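Here's the structure we're looking at; comments come further down.
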Amino acid sequence: MDNLRFRIAKAVIRNSGISWAIFIAITVFFAIGMKDIELKTIFSDLLPKDDPFVQVYKDHPNFGNPLTVTLMVKRKDGDIYNPETLQKVWDLTRDIDLAPGVDHDQILSISTEKARYAEATPYGIDVKPLMEDHVPKTPEEIAEFRGRVDKSPAARNFLISGDQSATLINATFIEQRLDYGEVFKYAQGLVEKARDANHEVYMAGQPALTGWVYQYQKQMVWIAVMTVGALILSLVLYMRNVVGVVTPIVTSAVAAIWGFGFVGWLKSPIEPLLMVV
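Sequential numbering from -19 applies to the sequence shown in the numbering used here.
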């Protein structure tokens, strides 16, 4: 039994005082690093960097950006062609444009200038926004707006539902400025404020999904506490002695401190979705 592991174990036991000092020093060092732990999702880090599709996405960040929050406004009793619903879409579009980290050039709804229709005139093709600088209010203005939507296949097929009872508002965010928790809190506040007796408002998108994870962080902590409690109870019932209970708990705690502390010293954020797993 003169192998390397045996010699190391023998040296540790023979110099137990020094071994304890080194062990405690390393643990304290990593424990200090835990103060810099940050739960944060960096979307691009989740993608395989060598994949050609991922490389195309990074080369063309303005096309098909996944960092998009989509709001849906749905009329409960009829279609969207009424002053109340159109005003709500107008207000939500302007409000989401004030969200932190939003790309102001990537806001799209039936009330933005990007949603356009084309009309043939004696002088050529005239392209204009669906909604001008105000919300249609009179029956004549609403009828004209509806006619413009009929002339815009993009708006009719991608921004308005088939039964014309719902419409979408898309807001894309800049990755370097995106704080998922802050954006989720802001957008969720808009959604809850916009809901009323006649309208349902929903939020979707990858930032919203991650925002829900941030929202339930406290529940994750309670789940972790209950899990640890269940493990300790299992050890007590199975081992029935102090050493058998304390040893796994101490080694697991030290391993966690070393692991999280190492990540903290690297200043590398921890993906909250992995915490759920």
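Where a beta carbon is used, it is the ideal one built from N, C-alpha and C, also for glycine. Owing to the predicted nature of the structure, the values given are computational and were not obtained by experimental measurement.
Check whether residue i and residue j have beta carbons under 8 Å apart
i, j, result
"Ala27", "Gly81", "Before going further, note that residue 27 is Leu rather than Ala in the sequence given. No. Outside cutoff."
"Val243", "Ile17", "yes"
"Ile90", "Thr147", "yes"
"Pro187", "Val163", "yes"
"Thr7", "Ile237", "yes"
"Ala235", "Val49", "no"
"Leu78", "Val53", "no"
"Tyr61", "Arg136", "no"
For residue j and residue i, the rounded distance between their alpha carbons
i, j, result
"Asn45", "Val36", "11 Å"
"Gly169", "Ser132", "31 Å"
"Glu64", "Gly13", "54 Å"
"Leu47", "Thr92", "19 Å"
"Leu51", "Val208", "39 Å"
"Ser(-1)", "Gln199", "39 Å"
"Ser214", "Ala233", "17 Å"
"Ala204", "Arg(-15)", "34 Å"
"Phe10", "Leu139", "51 Å"
"Pro102", "Ile122", "25 Å"
"Phe240", "Lys29", "25 Å"
"Val216", "Val230", "14 Å"
"Pro109", "Glu124", "12 Å"
Any chain B beta carbon closer than 8 Å to residue i
i, result
"Gly169", "Judged by its chain identifiers, the structure shown contains no chain B, having just a single protein chain."
Residue i burial status per 10 Å Cβ neighbour count (16 or more: buried)
i, result
"Val129", "buried"
"Val107", "exposed"
"Ala177", "exposed"
"Arg220", "exposed"
Distance cut-off 7 Å: residue i Cβ against heavy atoms of the ligand NAP
i, result
"Asn(-5)", "With respect to small molecules bound, the structure shown includes none, and the ligand NAP cannot be examined in it."
Close beta carbons around residue i, own chain, < 6 Å, minus the five adjacent residues each side
i, result
"Asp59", "Gln144, Ser145"
"Pro249", "Glu18, Lys20"
"Arg259", "The requested residue 259 is not part of the displayed model; the chain covers only -19 to 257."
Cβ-based neighbour list, residue i, same chain, cut-off 7 Å, excluding 5 preceding and 5 following
i, result
"Tyr160", "Thr21, Pro187, Thr190, Gly191, Tyr194"
Open item on the list: Taking contact to mean 3 or more Cβ pairs, one atom from each stretch, closer than 8 Å, check whether the segment 182 to 193 and the segment 110 to 123 are in contact.
Closed with: no
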